[in-house]
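In my numbering, the protein residues as written are 1 to 283. Heads up, the beta-carbon is just placed ideally off N, CA and C, and yes, glycines get one too.
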Amino acid sequence: MFKTIEPCLFSFDLEWIPDPASAEILFGVSLDGPQGFEAAMQRLWREAGATEEQPQPYLKTVLCRIVSVAGIFREVVAGEVSLKLVSLPSDPSDSEKCREAVILHALLKSIGTRKPQLVGYNSHNADVPIIVQRSIAHGLFGEGMGERPGKPWEGIDYFSTSSDFNVDLAPMVGRYAQTPKLHEIASLSGIPGKVDTDGGSVPNLWLQGNLQAIVNYNEFDALTTHLLWARIAHFSGLLGDQAYAHEQALVRGLAKQECEKGKKHFERYLDEWDRLQALVAKR
1 MFKTIEPCLF SFDLEWIPDP ASAEILFGVS LDGPQGFEAA MQRLWREAGA TEEQPQPYLK
61 TVLCRIVSVA GIFREVVAGE VSLKLVSLPS DPSDSEKCRE AVILHALLKS IGTRKPQLVG
121 YNSHNADVPI IVQRSIAHGL FGEGMGERPG KPWEGIDYFS TSSDFNVDLA PMVGRYAQTP
181 KLHEIASLSG IPGKVDTDGG SVPNLWLQGN LQAIVNYNEF DALTTHLLWA RIAHFSGLLG
241 DQAYAHEQAL VRGLAKQECE KGKKHFERYL DEWDRLQALV AKR
């Protein structure tokens, strides 16, 4: 379990797809024509050992392209907790803002400037490595995220598995074969898991040009990750009963605020949250 809650915290999730450009560079796949991108993705899956039973095997993250980042920024100022939803690209209809390098630059700058405590699910094995790998592939400056202190107690370290500045919830709730999927542990805790779609749908949504649906799905996972963090913090004694109830209320309030801003997909999230809460209350 993690030992501390920092005043600035970022519960985040990424969505990525097989990178068509990787297939072009490594295997000479042409991206021309209406089926070019899809053929490139299929080639990457074949190289990873795709079968009829598993047509989309897990790819090395370096071969993938980040298409969305979503997270909850949590700040404590003078004892008051506030939450803010952050999504990249900020405008899915703007092709410039949707470029992977632009998304990564904004993410690195935010992390490097504010140095939040990072919270993810399987983030040690997937999310942080893909941020690093793809940033290096694009030749981006690390903006401070890549800095490491000379000694563990001398500063923030996002690359130490023992650092509380890179909190991976997955190994805290299980190891190896007993590690639950985020959907499983969240849903059984009365927290929405996968709502309407899942990660396997992301490549097809991207090919269809429906980036907004990917961002919506990513935002759901960000809220879910933060709610699971709060539940584990409560279990660990870092959030008392009142503080845990307040944290949930803040997340619910944030979702309602986003609905009022026009993000109506959060209505579906709130409905699912109510449904699951009713079910787990019967136990």
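Considering only residues of the same chain and omitting the five flanking positions on each side of residue i, which have a CB-CB separation below 6 Å?
i           : result
residue 231 : 189
residue 193 : 183, 186 and 187
residue 117 : 6, 9 and 165
Excluding five sequence neighbours on each side, which residues of the same chain lie with their C-beta closer than 7 Å to the C-beta of residue i?
i           : result
residue 98  : 89, 92 and 211
residue 105 : 140
residue 63  : 18, 19, 22 and 44
residue 268 : 195 and 196
residue 224 : 182, 186, 191, 192 and 193
residue 150 : none
Which of the three DSSP states, helix, strand or coil, is assigned to residue i?
i           : result
residue 98  : coil
residue 272 : helix
residue 131 : helix
residue 266 : helix
residue 6   : coil
residue 119 : strand
residue 11  : strand
Look at the Cβ atom of residue i, then the Cβ atom of residue j, and state whether they are nearer than 7 Å.
i           : j           : result
residue 143 : residue 112 : yes
residue 270 : residue 281 : no
residue 134 : residue 66  : yes
residue 70  : residue 13  : yes
residue 83  : residue 72  : yes
residue 170 : residue 244 : no
residue 61  : residue 130 : yes
residue 38  : residue 207 : yes
residue 15  : residue 95  : no
residue 158 : residue 145 : yes
Under 8 Å by Cβ, that's how I've got residue i and residue j pegged, so tell me the actual separation to the nearest angstrom.
i           : j           : result
residue 124 : residue 101 : Going by Cβ atoms, the distance from residue 124 to residue 101 rounds to 24 Å, so no, they are not a contact pair.
residue 167 : residue 119 : 5 Å
residue 156 : residue 115 : 5 Å
residue 56  : residue 237 : Not really, about 40 Å apart at Cβ, beyond 8 Å.
residue 24  : residue 50  : About 18 Å; that fails the 8 Å criterion.
Within a Cβ cutoff of 8 Å, which residues of the same chain sit near residue i, ignoring the five residues on either side of it in sequence?
i           : result
residue 235 : 1
residue 11  : 71, 72, 74, 119, 120, 222, 225, 226 and 229
Contained beta strand (DSSP E) runs [length at least 3] in the region 32-112, N- to C-terminal order:
64-77 and 80-88
Identify every run of the alpha helix (DSSP H) within the region 132-173, keeping only runs that are complete inside it and at least 4 residues long; order them along the chain.
170-173
Run through the region 167-255 for me and flag every whole alpha helix (DSSP H) of 4 or more residues, listed as ranges in chain order.
170-173, 182-188, 202-207 and 211-236
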